[in-house]
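Enquirer:
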Amino acid sequence: MSKHFLLVSTLVLIFGLLAACAPQPAPAEPAPAEPMAMESSGMEGMADAPVVPAGLAYAEGQEIRFIHTEVSDPDVAGLLSDMMTSPVIYVPSLGDAPESMLADVYVFKNGVEGMGPLGFQPDVFDNPPGTDGYSPLRRIIFVSWVDESKARELKSLADVVDAEGKGELTLEESNIVVNMPFITWSGGQR
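Counting from 1, position 129 in the sequence shown corresponds to residue 129 in the numbering used here; the numbering is continuous, with no gaps.
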């Protein structure tokens, strides 16, 4: 190679490095949203961010909030999308998640009327954040009261297990997996 070519190549490399290391102007600040909206939300700069509605459920006897993001079943994706008026994405491969990645959510098929996905009481979660076995990936366990006249609202896995042990309800494990990260729980929030 010629000395001239090497010199030009070296100079191009040096100028490129200098340009990359030079101070860059700060990015333009976005136009602020309405001041009242930012102050009341406490989330400056997030004025145009989408809001994903949170569901209400129970874990260890306490109210929790969570979101549905994806599910392995197309019918459940449609049901949850309609219920939450927010898209829940159908991802069939979630159904292939190994057992070690799953926690459970108990969904009531009858009993006390409420805001659960099937029109009955809110779901019951096992393993909230901070406990062994927490996972946002939840396998749906369907819960049915044997005698609906004796149904009552259950708020923990212990309540569900106790009622099943007394023959008051039946549990039906499904192959449906839903990504349901917690938003709030006893002692924490995102």
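Backbone N, C-alpha and C fix where the C-beta goes; we use that ideal spot for every residue, glycine too.
Answer yes or no: do TRP185 and PRO129 have a C-beta to C-beta separation smaller than 8 Å?
Expert: The residue given as residue 185 occupies position 185 in the sequence shown. The residue given as residue 129 occupies position 129 in the sequence shown. Cβ atoms of TRP185 and PRO129: closer than 8 Å.
Enquirer: Going by alpha carbons, who is nearest to ALA103 out of ASP75, ALA59, PHE120 and VAL112?
Expert: As a first step, residue 103 is located in the sequence shown; it is residue number 103 there, counting from the start. Per the Cα distances, ALA59.
Enquirer: Buried or exposed for VAL52, going by 16 or more other Cβ atoms inside 10 Å?
Expert: Within the sequence shown, residue 52 is the residue found at index 52, counting from 1. By the neighbour-count rule (16 or more Cβ atoms within 10 Å), VAL52 is not buried but exposed.
Enquirer: Would DSSP call SER174 helix, strand or coil?
Expert: Against the sequence shown, residue 174 aligns to sequence position 174. In the structure shown, SER174 sits in a strand (DSSP, three-state: E or B).
Enquirer: When you compare the CB positions of GLU148 and ASN179, do they come within less than 8 Å of one another, or not?
Expert: To locate residue 148, count along the sequence shown from 1; it is residue 148. To locate residue 179, count along the sequence shown from 1; it is residue 179. No, the pair does not count as a contact, with Cβ atoms beyond the cut-off.
Enquirer: In chain order, which continuous runs of the alpha helix (DSSP H) of length 4 or greater are located wholly inside the region 39 to 86?
Expert: 74 to 84
Enquirer: Counting beta carbon pairs with one atom in the region 149 to 166 and one in the region 116 to 132, are three or more of them shorter than 8 Å?
Expert: At 8 Å Cβ cutoff, the stretches touch.
Enquirer: Among the candidates VAL143, LEU56 and GLU63, whose CA atom is the shortest distance from the CA of GLY187?
Expert: Within the sequence shown, residue 187 is the residue found at index 187, counting from 1. Nearest of VAL143, LEU56 and GLU63 to GLY187, Cα basis: GLU63.
Enquirer: List the DSSP bridge partners of VAL107.
Expert: For the purposes of this step, residue 107 is taken as residue 107 along the sequence shown, with counting starting at 1. Partner(s): PHE142.
Enquirer: State the Cα-Cα distance for the pair ASP96 and THR69, rounded to the nearest angstrom.
Expert: Within the sequence shown, numbered from 1, the residue matching residue 96 stands at position 96. Within the sequence shown, numbered from 1, the residue matching residue 69 stands at position 69. So the two alpha carbons sit approximately 17 Å from each other.
Enquirer: Does ASP73 pass the burial test, meaning 16 or more other C-beta atoms within 10 Å, or should it be called exposed?
Expert: Along the sequence shown, one-based indexing puts residue 73 at 73. The residue in question, ASP73, is buried, as its Cβ has 16 or more Cβ neighbours within 10 Å.
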